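Novice: Protein chains in written order, with my numbering: chain A, 8 to 117; chain B, 53 to 165.
Ideal Cβ placement from N, Cα and C applies to all residues, glycine included.
These numbers come from a predicted model, not from an experiment.
Let me give you the structure first, and then I'll get to my questions.
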């Protein structure tokens, strides 16, 4: 599975959009981009995933560049409860195997 | 939907003791995963089952670790004998099928003294 690069930490003001970048320059054509988050002391929570097209659900939007080498997760109106570690994962072709990196610590402040 | 259920939520044991962690996947899910999370190594996949059969156990650290899935609604991860370095949070996850979204349980916090 391709490796991802994410900033170690980011801050966001409550009510503003949080834009979390992810670089996955070695992604292969059939690999998906997944985003999970982990709120302190809880299990990872699925957010969204995509292959080529931009995706949106009730939690977030996923923007994937045309060359698929990078993506951005957008939380449109961040709340304090969105403070968590956000993981960008590329893969899923092999039985859905997910390889977690260190993720981005997002802190939403009042 | 109750989600993935894990028990116990917390376990404290002494080195050398046997530890058994339990997982009940979401009903109807055919794939089950065991992960371990530590500060040093992050979140690591230990083993993956599909239709109750172990498919990939390459992440199991050593022979002290074993996992079983006797039926579609129950899995165990056993450590025998336990060591202090096994202290971690162990997560179970399930998915509807191979390659589908994984849903994680709340985890079991294991402390081996």
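So what does residue 117/B bridge to, in DSSP terms?
Specialist: Answer by DSSP bridge pairing, in chain order: 131/B.
Novice: Three or more C-beta pairs under 8 Å: does that hold for the segment 12-30 of chain A against the segment 84-93 of chain A?
Specialist: Short answer: they touch.
Novice: Relative to the C-alpha of residue 55/B, which residue among 36/A, 53/A, 12/A is closest?
Specialist: It is 53/A whose Cα lies nearest to the Cα of residue 55/B.
Novice: Mapping the DSSP letters down to three states, classify residue 105/A as helix, strand or coil.
Specialist: Looking at residue 105/A - three-state DSSP - the assignment turns out to be coil, as it is neither helix nor strand.
Novice: Look at the Cβ atom of residue 80/A, then the Cβ atom of residue 67/A, and state whether they are nearer than 8 Å.
Specialist: Yes, the Cβ-Cβ distance between residue 80/A and residue 67/A is below 8 Å.
Novice: Let me know if residue 38/A comes out buried or exposed under the rule of 16 or more other beta-carbons within 10 Å of its beta-carbon.
Specialist: Residue 38/A comes out buried.
Novice: In the DSSP output, which residue or residues are listed as bridge partners for residue 20/A?
Specialist: Residue 20/A pairs with 116/A.
Novice: Using C-beta distances below 8 Å, list every residue in its chain close to residue 150/B, excluding the 5 sequence neighbours before and after it, in chain order.
Specialist: Only 82, 83, 102 meet the Cβ criterion.
Novice: Kindly indicate if chain A contains any beta-carbon less than 8 Å away from that of residue 142/B.
Specialist: By this cut-off, residue 142/B is not an interface position.
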